[in-house]
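What follows is a short report on a single structure.
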Amino acid sequence: MTISETDLVHLRRAVELAREALAAGDGPFGSVLVDGAGVERFADRNREVSTGDPTRHPEFEIARWAAANLTANERADATVYTSGEHCPMCSAAHAWVGLGRIVYVASAEQITGWRRDLGAEPSQVSVLPITAVAPGLPVEGPVDELVPEVRALIERAVRLR
Ligand SMILES: [Zn+2]
Numbered sequence: 176m177t178i179s180e181t182d183l184v185h186l187r188r189a190v191e192l193a194r195e196a197l198a199a200g201d202g203p204f205g206s207v208l209v210d211g212a213g214v215e216r217f218a219d220r221n222r223e224v225s226t227g228d229p230t231r232h233p234e235f236e237i238a239r240w241a242a243a244n245l246t247a248n249e250r251a252d253a254t255v256y257t258s259g260e261h262c263p264m265c266s267a268a269h270a271w272v273g274l275g276r277i278v279y280v281a282s283a284e285q286i287t288g289w290r291r292d293l294g295a296e297p298s299q300v301s302v303l304p305i306t307a308v309a310p311g312l313p314v315e316g317p318v319d320e321l322v323p324e325v326r327a328l329i330e331r332a333v334r335l336r
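For the sequence shown, position 82 matches number 257 in this note's numbering, and the numbering has no gaps at all.
Here it is in structure tokens:
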């Protein structure tokens with residue numbers, strides 16, 4: 176695991192966006208796109224409830240934004256920071272548009288376990304690691320020091336439903 180102080184700054188921003196999403200009644204997930212020069216270029220949070228569109232995941236919005244606004248080289252050099260590991264839809268979108276490194280705080284497996292322990296409905300989509308969908312991507316996580324914050328958000332979201 177090679178997580179730098181700079182990585183942690185961007186991850187904390189992703190967690191902040193997840194907190195915003197939860198406060199707005201959406202799924203507690205946030206993501207940030209940072210270019211090869213270390214500049215944040217785009218960020219979003221989950222909007223699946225507020226828009227009524229369950230595909231409104233921040234990682235998917237990032238992939239679409241990157242396809243429209245970055246060159247192929249810029250996409251390959253970019254890093255996506257996210258509070259929770261990409262779902263299969265977002266892993267595929269990330270790979271299709273040729274984005275680079277992913278750093279996530281909590282893994283899909285961790286999130287699934289926390290939700291299951293609280294009696295939440297299982298996901299309708301298989302829980303797969305990013306690398307099971309897109310084996311060529313450089314992926315890092317979980318980032319243990321921020322996991323408790325993400326866990327608290329996930330658990331609060333389950334209790335609110
Ligand atoms: Zn997703």
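The beta carbon of each residue, even a glycine, is placed where N, CA and C say it ideally should be. The structure displayed is predicted, hence computed values, not measured ones.
Residue i, buried or exposed, once every other Cβ within 10 Å from all chains shown has been counted against 16
i	result
Pro233	buried
Glu260	buried
Asn221	buried
Arg334	exposed
Thr306	exposed
Arg336	exposed
Val214	exposed
Ala247	exposed
Arg239	exposed
Residue closest to residue i, alpha-carbon to alpha-carbon, out of the options
i	options	result
Gly202	Tyr256, Gly227, Val322	Gly227
Asp319	Ala243, Leu335, Ser258	Ser258
Thr281	Ala189, Ala253, Ala251, Arg231	Inspection of the sequence shows that residue 281 is occupied by Ala rather than by Thr. If we check each option's Cα against that of Ala281, Ala189 comes out closest.
Gly275	Val207, Glu284, Val184, Pro297	Val207
Ala241	Asp182, Glu223, Phe217	Phe217
Glu324	Thr177, Leu197, Ser179	Leu197
Asn244	Gly273, Arg222, Met264	Gly273
Glu330	Asp292, Thr254, Ser298	Asp292
Val302	Ala283, Glu296, Pro310	Ala283
Pro229	Leu328, Thr306, Ser298	Ser298
Glu236	Asp219, Ser225, Ala199	Asp219
Ser225	Asp210, Glu195, Thr254, Val209	Glu195
Ala332	Trp289, Ala238, Gly316	Trp289
Ser179	Leu328, Gly316, Gly311, Ala327	Gly316
Where residue i falls: helix, strand or coil (DSSP)
i	result
Gly311	coil
Asp319	helix
Ser206	strand
Thr257	strand
Arg336	coil
Glu296	coil
Glu223	coil
Ala241	helix
Ala218	strand
Val302	coil
Val272	coil
DSSP beta-bridge partners of residue i
i	result
Ile286	DSSP lists no partner for Ile286.
Ala281	Gly259
Give me the pocket residues for ligand 1, defined as CB within less than 7 Å of any heavy atom, sorted by chain position.
Checking every Cβ against the heavy atoms of ligand 1 under 7 Å gives His232, Glu234, Phe235, His261, Cys262, Met264, Cys265.
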